[in-house]
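There are 2 protein chains.
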Amino acid sequence: MSNTPSTAPTSRTKIRRLAELANHDKSVLYGIIDESYVCHIAFNDGKSTHCIPTASWRIDNHLYIHGSNGSRLIKRLSSGIQASIAITHVDGLVLARSAFSNTMNYRSAVIYGVFEEVDGNEQKMVALDAFMEKIATGRKNEARPGNKKELAATSVLRISLNEFATKISNADPDDKEEDLNLPVWAGVLPLTVKREAPRPFQNGSIPTPAYVEKWANV
Amino acid sequence: MSNTPSTAPTSRTKIRRLAELANHDKSVLYGIIDESYVCHIAFNDGKSTHCIPTASWRIDNHLYIHGSNGSRLIKRLSSGIQASIAITHVDGLVLARSAFSNTMNYRSAVIYGVFEEVDGNEQKMVALDAFMEKIATGRKNEARPGNKKELAATSVLRISLNEFATKISNADPDDKEEDLNLPVWAGVLPLTVKREAPRPFQNGSIPTPAYVEKWANV
Numbered sequence: 106m107s108n109t110p111s112t113a114p115t116s117r118t119k120i121r122r123l124a125e126l127a128n129h130d131k132s133v134l135y136g137i138i139d140e141s142y143v144c145h146i147a148f149n150d151g152k153s154t155h156c157i158p159t160a161s162w163r164i165d166n167h168l169y170i171h172g173s174n175g176s177r178l179i180k181r182l183s184s185g186i187q188a189s190i191a192i193t194h195v196d197g198l199v200l201a202r203s204a205f206s207n208t209m210n211y212r213s214a215v216i217y218g219v220f221e222e223v224d225g226n227e228q229k230m231v232a233l234d235a236f237m238e239k240i241a242t243g244r245k246n247e248a249r250p251g252n253k254k255e256l257a258a259t260s261v262l263r264i265s266l267n268e269f270a271t272k273i274s275n276a277d278p279d280d281k282e283e284d285l286n287l288p289v290w291a292g293v294l295p296l297t298v299k300r301e302a303p304r305p306f307q308n309g310s311i312p313t314p315a316y317v318e319k320w321a322n323v
Numbered sequence: 106m107s108n109t110p111s112t113a114p115t116s117r118t119k120i121r122r123l124a125e126l127a128n129h130d131k132s133v134l135y136g137i138i139d140e141s142y143v144c145h146i147a148f149n150d151g152k153s154t155h156c157i158p159t160a161s162w163r164i165d166n167h168l169y170i171h172g173s174n175g176s177r178l179i180k181r182l183s184s185g186i187q188a189s190i191a192i193t194h195v196d197g198l199v200l201a202r203s204a205f206s207n208t209m210n211y212r213s214a215v216i217y218g219v220f221e222e223v224d225g226n227e228q229k230m231v232a233l234d235a236f237m238e239k240i241a242t243g244r245k246n247e248a249r250p251g252n253k254k255e256l257a258a259t260s261v262l263r264i265s266l267n268e269f270a271t272k273i274s275n276a277d278p279d280d281k282e283e284d285l286n287l288p289v290w291a292g293v294l295p296l297t298v299k300r301e302a303p304r305p306f307q308n309g310s311i312p313t314p315a316y317v318e319k320w321a322n323v
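If you read the protein sequences in the order shown, they are chains A and B. Residue numbers for the first sequence follow the working numbering, so the first one is 106 and each next one is one higher. Residue numbers for the second sequence follow the working numbering, so the first one is 106 and each next one is one higher.
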């Protein structure tokens, strides 16, 4: 599928259910992450298990998140506890002739590991610039960059992408032999994330940048 | 905002970060769930914390999931352990004039509780029918319903929607006073989930049902 390395599953990432949909190829993982803006992070703080959504992005073999130094999520995750992260794209509903053969098309990734803090203003800036580049290529040279105070108040964490599993379902309805001739409509109802027309905000005479022009036309 | 009850936050659901975006109104929670097809469930099995995506739907004040009796997710969640569930809709990227004022528009829900098993084939069928109705209204009367064997092999779990928080951000760029006159484009790059044209699958002379006709035109 690609020339990026594949990673052997661990006991946590070995997929038992619909194992034929499992994949441990890094290029598949990277694709799922790069198409997302948000991940869900599970962690246990000693009292409860939490599932928290937060913005995320990738640089090379790490997933990055950021937040205020004071946020509970950042404080817990930077304390060295184990985390599990999931990212899911829902691509469609698959309607089969029998109710129990209905399914969904999706691409999902689950990652395990421990976050580490990105130290130093320069390294934090490099990471945050990469997030900006993902959202709007070229904009990091336009917007006012963070100053020392803003950078100091912000934490950037990253987790290496080594223990993971992805699962991809991209199928037509798959009915049992004896259901194939039932007089029932079968097919896929596709879902997709679309970019809609940008909404400029009090821009006066500022020309529209290329990444804004392109936004809804990709 | 509505006449459905609001729920007092617990120590887990009291939102400290951007607390002005927090909401504990059930109608807001229900809206976020009803627009989703998938949730992310966090739980700890004694060894690890996991974050697993799965299909979900709502009936009244419960969120439902289903799966094979043998699946690890179902087995763990039906053992009475604490779970946390998150559902997130990303509505857009908010580009401010300063990099540190960028944000996202989103609607997210985090739910805490313990799943319980739905007992009995009849009750399971009622729950699964509701899922089918959500996906394709009227279809439960067309597709072949599950037989006893299929129903017996499937578990349905539910969790009550009593301990939760929602957070909604739907804003324009919000720059600091001193950044407002920077010559930088500001605005929102909206994202939305779209229904695309249905893809029929070997249907021969079967007429297209109303829910399929309507799919891409909502």
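Beta carbons are placed, not taken as given, at the ideal position from N, Cα and C, and that holds for glycine.
Kindly say whether Pro114 (chain A), judged by its beta-carbon, lies nearer than 9 Å to any beta-carbon of chain B.
The residue labelled residue 114 (chain A) in the question sits at position 9 within the first sequence. It does not: the Cβ of Pro114 (chain A) has no partner Cβ on chain B nearer than 9 Å.
Which class does Ala276 (chain B) belong to by DSSP, given the choice of helix, strand or coil?
One-based indexing of the second sequence puts residue 276 (chain B) at position 171. In this structure, Ala276 (chain B) counts as coil in the three-state DSSP scheme.
Counterpart residues of Leu296 (chain B) in DSSP-defined beta bridges
As a working mapping, residue 296 (chain B) is identified with position 191 in the second sequence. In the DSSP output, where bridge partners are listed per residue, Leu296 (chain B) has A:Arg300.
Could you have a look at Ile164 (chain B) and say whether DSSP puts it in helix, strand or coil?
Numbered from its first residue, the second sequence carries residue 164 (chain B) at position 59. Three-state DSSP puts Ile164 (chain B) in a strand.
Ignore the nearest five residues each way along the sequence and tell me which others in Ala241 (chain B)'s own chain have a CB closer than 8 Å to its CB.
Reading the second sequence from its first residue, position 136 is the one you call residue 241 (chain B). Counting only Cβ-Cβ distances below 8 Å, and skipping sequence neighbours, we find Pro314, Tyr316 and Val317.
Is it buried or exposed for Arg121 (chain A), if we count other Cβ within 10 angstroms and need 16 for buried?
If you number the first sequence from 1, residue 121 (chain A) lands on position 16. Looking at its Cβ environment, which holds fewer than 16 other Cβ atoms inside 10 Å, Arg121 (chain A) is exposed.
Cβ of Asp139 (chain B) within 9 Å of any chain A Cβ
Indexing the second sequence from 1 puts residue 139 (chain B) at position 34. Chain A, which has no Cβ nearer than 9 Å to the Cβ of Asp139 (chain B), makes this no.
Taking the C-alpha atoms as reference points, what is the distance between Lys229 (chain A) and Gly197 (chain A)?
The sequence position of residue 229 (chain A) within the first sequence is 124, counting from 1. The sequence position of residue 197 (chain A) within the first sequence is 92, counting from 1. Approximately 37 Å, taken between the alpha carbons.
Contact the segment 242-258 of chain A vs the segment 187-204 of chain A: 3+ CB pairs below 8 Å:
Judged by Cβ distances under 8 Å, the segment 242-258 of chain A makes no contact with the segment 187-204 of chain A, as fewer than three pairs qualify.
Is there a Cβ of chain A sitting closer than 9 Å to that of Phe306 (chain B), yes or no?
In the second sequence, the residue the question calls residue 306 (chain B) occupies position 201. Interface residue, yes.
Gly309 (chain B) - DSSP class collapsed to helix/strand/coil
Here residue 309 (chain B) refers to the residue found at position 204 of the second sequence. Coil, per DSSP.
Near Leu134 (chain A), which residues of its chain fall below 7 Å by C-beta distance, leaving aside the five closest residues on each side in sequence?
Your numbering for residue 134 (chain A) matches position 29 in the first sequence. Hits under 7 Å: Ala214, Leu266, Phe269 and Thr271.
If we ignore side chains and look at the alpha-carbon of each, how far apart do Ile138 (chain B) and His129 (chain B) end up?
Looking up residue 138 (chain B) in the second sequence gives position 33. Looking up residue 129 (chain B) in the second sequence gives position 24. Rounded to whole angstroms, Ile138 (chain B) to His129 (chain B) spans 14 Å at the Cα level.
Once DSSP output is grouped into helix, strand and coil, what is the label at Asp196 (chain A)?
Within the first sequence, numbered from 1, the residue matching residue 196 (chain A) stands at position 91. It is a strand residue.
Should Met106 (chain A) go down as buried or exposed, given a rule of 16 or more other Cβ atoms within 10 Å for buried?
Position 1 of the first sequence, counted from the first residue, corresponds to residue 106 (chain A). Interpretation of Met106 (chain A) is limited by its pLDDT of 39, a score under 50 that renders its predicted location unreliable; the figure taken from the coordinates is listed afterwards. Looking at its Cβ environment, which holds fewer than 16 other Cβ atoms inside 10 Å, Met106 (chain A) is exposed.
Closer than 8 Å at the beta carbon, the chain A residues around Trp320 (chain B):
As a first step, residue 320 (chain B) is located in the second sequence; it is residue number 215 there, counting from the start. Those within 8 Å of Trp320 (chain B) in chain A are Leu294.
Do Thr154 (chain B) and Ala188 (chain A) count as a contact pair if the criterion is CB distance below 9 Å?
Stepping through the first sequence from its first residue, residue 188 (chain A) is reached at position 83. Stepping through the second sequence from its first residue, residue 154 (chain B) is reached at position 49. For Ala188 (chain A) and Thr154 (chain B), yes; Cβs fall inside 9 Å.
Tell me which residue opens and which closes the alpha helix (DSSP H) that Ser132 (chain A) is part of.
Here the question's residue 132 (chain A) lines up with position 27 in the first sequence. Under the DSSP assignment, Ser132 (chain A) falls in the alpha helix (DSSP H) whose first and last residues are Lys131 to Asp139.
Name the two residues that bound the continuous alpha helix (DSSP H) containing Tyr316 (chain A).
Numbered from 1 along the first sequence, position 211 holds the residue referred to as residue 316 (chain A). Residues Ala315 to Trp320.
Near-chain A residues of the segment 276-292 of chain B - C-beta to any C-beta below 7 Å:
Asp277, Pro278, Asp284, Leu287, Pro288, Val289, Trp290, Ala291 and Gly292
C-alpha distance - Thr118 (chain B) paired with Gly218 (chain B), whole-angstrom precision:
For the purposes of this step, residue 118 (chain B) is taken as the residue at position 13 of the second sequence. For the purposes of this step, residue 218 (chain B) is taken as the residue at position 113 of the second sequence. The alpha-carbon atoms of Thr118 (chain B) and Gly218 (chain B) are separated by roughly 11 Å.
Nearest by alpha-carbon distance to Lys319 (chain B): which of B:Phe306, B:Asn308 and B:Ala302 is it?
What you label residue 319 (chain B) is simply residue 214 of the second sequence in a count that begins at 1. For the residues B:Phe306, B:Asn308 and B:Ala302, the minimum Cα distance to Lys319 (chain B) belongs to B:Ala302.
What is the residue span of the alpha helix (DSSP H) that Val231 (chain A) lies within?
Against the first sequence, residue 231 (chain A) aligns to sequence position 126. Residues Asn226 to Ile240.
Please list, in chain order, all residues of the same chain as Ala127 (chain B) whose beta carbon is under 7 Å from its beta carbon, the five residues on each side excluded.
Residue mapping note: residue 127 (chain B) aligns to position 22 of the second sequence, counting from 1. Counting only Cβ-Cβ distances below 7 Å, and skipping sequence neighbours, we find Ile120, Ala270 and Lys272.
Establish whether the CB of Gln187 (chain A) and some CB of chain B are separated by less than 9 Å.
Locating residue 187 (chain A) in the first sequence gives position 82, counting from the first residue. Closer than 9 Å to some Cβ of chain B, the Cβ of Gln187 (chain A) qualifies, so yes.
Between Ala191 (chain A) and Ile157 (chain B), how many whole angstroms is the CB-CB distance? I'm expecting something under 8 Å.
On the first sequence, position 86 is the one that residue 191 (chain A) refers to. On the second sequence, position 52 is the one that residue 157 (chain B) refers to. About 7 Å separates the CB atoms of Ala191 (chain A) and Ile157 (chain B); that is less than 8 Å, so the two are in contact.
Under 8 Å by Cβ, that's how I've got Asn226 (chain A) and Leu256 (chain A) pegged, so tell me the actual separation to the nearest angstrom.
Locating residue 226 (chain A) in the first sequence gives position 121, where the first residue counts as 1. Locating residue 256 (chain A) in the first sequence gives position 151, where the first residue counts as 1. Contact holds; Cβ gap of about 5 Å.
Segment limits, alpha helix (DSSP H) that includes Ile179 (chain B)
If you number the second sequence from 1, residue 179 (chain B) lands on position 74. It spans Arg177 to Leu182 - the alpha helix (DSSP H) in which Ile179 (chain B) sits, taken as one unbroken run.
For the segment 127-155 of chain B, list every residue whose C-beta sits within 8 Å of some C-beta in chain A, in sequence order.
Tyr142, Val143, His145, Ile146, Ala147, Phe148, Asn149, Ser153, Thr154 and His155
Which chain B residues sit within Cβ distance under 8 Å of Glu247 (chain A)?
The sequence position of residue 247 (chain A) within the first sequence is 142, counting from 1. Here the neighbours are Val289 and Trp290.
Going by C-alpha to C-alpha distance, which of A:Ser116, A:Ala147, A:Trp162 and A:Asn322 sits closest to Asp234 (chain A)?
Position 129 of the first sequence holds residue 234 (chain A). Nearest of A:Ser116, A:Ala147, A:Trp162 and A:Asn322 to Asp234 (chain A), Cα basis: A:Trp162.
Helix, strand or coil for Asn246 (chain A), going by three-state DSSP, please let me know.
Translated into positions along the first sequence, residue 246 (chain A) becomes position 141. Here Asn246 (chain A) sits in helix by DSSP.
Among A:Glu282, A:Ala124, A:Pro278 and A:Ile216, which residue has its Cα nearest to the Cα of Leu294 (chain A)?
On the first sequence, residue 294 (chain A) is found 189 positions in, with the first residue counted as 1. Nearest option by C-alpha distance: A:Pro278.
Cα separation between Ser111 (chain B) and Asn286 (chain B)?
Residue mapping note: residue 111 (chain B) aligns to position 6 of the second sequence, counting from 1. Residue mapping note: residue 286 (chain B) aligns to position 181 of the second sequence, counting from 1. Roughly 41 Å separates the two Cα atoms.
Cα separation between Leu168 (chain A) and Gly136 (chain A)?
To locate residue 168 (chain A), count along the first sequence from 1; it is residue 63. To locate residue 136 (chain A), count along the first sequence from 1; it is residue 31. Computed Cα separation, rounded: 12 Å.
Can you look up Ser116 (chain A) in the DSSP assignment and give me helix, strand or coil?
Within the first sequence, residue 116 (chain A) is the residue found at index 11, counting from 1. Of the three classes helix, strand and coil, the one that applies to Ser116 (chain A) here is coil, per DSSP.
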